[in-house]
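This report concerns only the one structure given below.
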Amino acid sequence: MDTTSRHPKTAAPERIPEPTRRHGMWLDGVSPALITSGELERLPFGEELAGTMLRLEDAIPGLAGESARVGGIRASTTLGSLHRHLYLELAAMTAERFLPVYRSSGGEQGLVSVEVHPRHALHAEELSAEVRHLRRLLVQPNVVVHVPGTPAGLAVVPQLVHAGVSVHVGLVFTAATLARVDAALLAALEARFDAGRPLGTISLFAGFRPIGPAAAGQIPGPECHCPATARQALLTWRRLQRSHRWSELYRYGARAPRLIWTGWTGAADRSPVCACLRAPDTHHALPLHTLVSRCPRDSGLTACPLAGEGAPEPAERTQRFSVDNADSRSFGRLQHEVLLQRQRRLEQRLRDAVAADRKGADEHG
1 MDTTSRHPKT
11 AAPERIPEPT
21 RRHGMWLDGV
31 SPALITSGEL
41 ERLPFGEELA
51 GTMLRLEDAI
61 PGLAGESARV
71 GGIRASTTLG
81 SLHRHLYLEL
91 AAMTAERFLP
101 VYRSSGGEQG
111 LVSVEVHPRH
121 ALHAEELSAE
131 VRHLRRLLVQ
141 PNVVVHVPGT
151 PAGLAVVPQL
161 VHAGVSVHVG
171 LVFTAATLAR
181 VDAALLAALE
191 ARFDAGRPLG
201 TISLFAGFRP
211 IGPAAAGQIP
221 GPECHCPATA
231 RQALLTWRRL
241 QRSHRWSELY
251 RYGARAPRLI
261 WTGWTGAADR
271 SPVCACLRAP
281 DTHHALPLHT
291 LVSRCPRDSG
301 LTACPLAGEG
311 APEPAERTQR
321 FSVDNADSRS
331 FGRLQHEVLL
341 QRQRRLEQRL
351 RDAVAADRKG
361 ADEHG
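The opening position of the sequence shown corresponds to residue 1 in the UniProt record's numbering, with each subsequent residue numbered one higher.
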């Protein structure tokens, strides 16, 4: 494939419309029973449900059933390897279940985000090996590999995109980190284009977790419940996505990357209903109980000045309504802390599952 005259970095500038977009929802976490029973497909999500985010915790309830099948957890090699096996089984089953939806929607729905273990998230070599292992076992085209937005996570993005794997970069807390994620996704997709490979089969996502107080009073409007970091991220994301380099990739069939809001805690959190976050260029990841309460389309969206898809925001507007997140080292430490806490919680829940399994075996023995 001759890319000399068509490379996104060198092609002649021209006005190219952005791809059609619509807001989408992700189910954040799912139980094995919800998948095996077929109940998930019967929930009234309609076309808004873009995909399912599988969490490592989702496979823990299956430990008891696996214990009965293989003769007890104590007979397995290690608890960690058993959990990993169950998680990959759940991921493969979920991806297979939603493959028809993925194909019939042209790749817009039926996606399944599968995360790597947090213990690999800070070490590039370990993370790269884990990603290769995931892709050997999960070959369905609707699988999206979820890596953290750490330096190690961003380092494996080219490896995934080169192999034609869809990518979800998570654990992003600031607009500065979001810009680095955008740069990694853009460079990886351009490298794939240089190699003469098609772009339209790859879906790219950036998972942003808003932190900090709401932006009440910062932007005109009577009702707004968004954290200021979320507003800054949205403005930054829109500015980045309107670049000429992305427009050229769209011209050659690339899918528009999506910004996913993550980390919502429940129905009491009013942020998901703010229209500036629930926009055509964003997705939301919500737990089941919150997602059911929001779908089908919620007519009670709060009016917000950022909800529109108008002209790019001037830099001074972005700065005016931003929060101070210039200290990237602090947020790097936050990523590290969140990953360690997540690993500890996983290990504790696995130990609790073992204890419950053994207690049940003793009571029935």
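Cβ coordinates follow ideal geometry from the N, Cα and C atoms, glycine included.
Every value quoted in this text rests on a predicted model; they were computed, and no experiment measured them.
Between which two residues does the alpha helix (DSSP H) carrying T36 extend?
-> P32 to T36
Could you name the residues of the same chain whose beta carbon sits closer than 6 angstroms to that of L49, not counting the 5 residues immediately before and after it, in chain order?
-> M25
Given L90 as reference, the closest of D58, G106, Q335 and V144 once Cα atoms are compared = D58
What is the DSSP secondary structure of T94, counted as helix, strand or coil?
-> helix
Of the residues L350, Q335 and G263, the one placed nearest L82, counting alpha carbons only | L350
Start and end of the beta strand (DSSP E) containing L111?
-> L111 to E115
What whole-angstrom Cβ distance do R238 and D281 have, given they're in contact under 8 angstroms?
-> 7 angstroms
Have a look at the DSSP bridge pairing and note the partners of R258.
-> F205
Straight-line Cα distance separating A95 from G170 | 20 angstroms
Among residues of its own chain, excluding the 5 on either side of I202, which ones have a beta-carbon nearer than 8 angstroms to its beta-carbon?
-> V161, G164, V165, S166, V167, L189, R192, A254 and R255
Output yes or no for whether 8 angstroms exceeds the beta carbon distance between A147 and V156.
-> Looking at the sequence shown, residue 147 is not Ala but Val. Yes, these two residues count as a Cβ contact at 8 angstroms.
Start and end of the alpha helix (DSSP H) containing L234?
-> A228 to Q241
Which stretch, first to last residue, makes up the alpha helix (DSSP H) that contains S247?
-> H244 to R251
Determine the direct distance from the alpha carbon of G207 to that of S113, and round the result to whole angstroms.
-> 11 angstroms
Within the stretch 109-184, note down every full alpha helix (DSSP H) run reaching 4 residues or more, in order along the chain.
-> Whole alpha helix (DSSP H) segments, 4+ residues: 124-137, 151-155 and 157-162.
Evaluate P78 with the Cβ neighbour count: other Cβ atoms within 10 Å of its Cβ, from every protein chain shown; 16 or more gives buried, anything less gives exposed.
-> The residue asked about is misnamed: residue 78 is Thr in this sequence, not Pro. The Cβ neighbour count for T78, taken over all protein chains shown within 10 Å, is under 16; the residue is labelled exposed.
Return the bridge partner residues of D28 from the DSSP annotation.
-> For D28, which the question treats as bridged, DSSP gives the partners M53.
Do you know whose CA, among L99, T262 and L199, lies nearest I278's CA?
-> Residue 278 is actually Arg in this sequence, not Ile. Among L99, T262 and L199, the Cα nearest to that of R278 belongs to T262.
Mind checking which residues open and close the beta strand (DSSP E) that includes L199?
-> No beta strand (DSSP E) contains L199, which DSSP labels as neither H nor E.
Spatial neighbours of L240 in its chain, beta-carbon cut-off 6 angstroms, leaving aside the 5 residues before and after = D182
How many Å lie between P287 and V131 at the Cα?
-> 25 angstroms
Run the proximity test for V338: is its beta-carbon closer than 7 angstroms to any non-hydrogen atom belonging to the ligand ATP?
-> This structure lacks the ligand ATP, and indeed carries no ligand of any kind.
Indicate the three-state DSSP secondary structure (helix, strand or coil) for H289 in the structure shown.
-> helix
Keeping to the same chain, check which residues put their C-beta closer than 6 angstroms to that of L204; ignore five residues upstream and five downstream.
-> Correct list, in chain order: V167, L185 and P257.
Residue from G29, L259 and S247 with nearest C-alpha to P61 | G29
Any idea what DSSP makes of R345, helix, strand or coil?
-> helix
Helix, strand or coil at H336 [DSSP, three-state] | helix
Could you give the DSSP three-state label for H283: helix, strand or coil?
-> strand
Would you mind sorting S247 into buried or exposed? The rule is 16 or more other CB atoms within 10 Å of its CB.
-> buried
Compare the C-alpha of R197 against each of R136, T36 and Y252 and name the closest.
-> Y252
Apply the 10 Å Cβ neighbour rule to A121 and answer buried if 16 or more other Cβ atoms are within range, or exposed otherwise.
-> Under a 10 Å Cβ-count criterion, A121 is classified as buried, with 16 or more other Cβ atoms of the shown protein chains found around its own Cβ.
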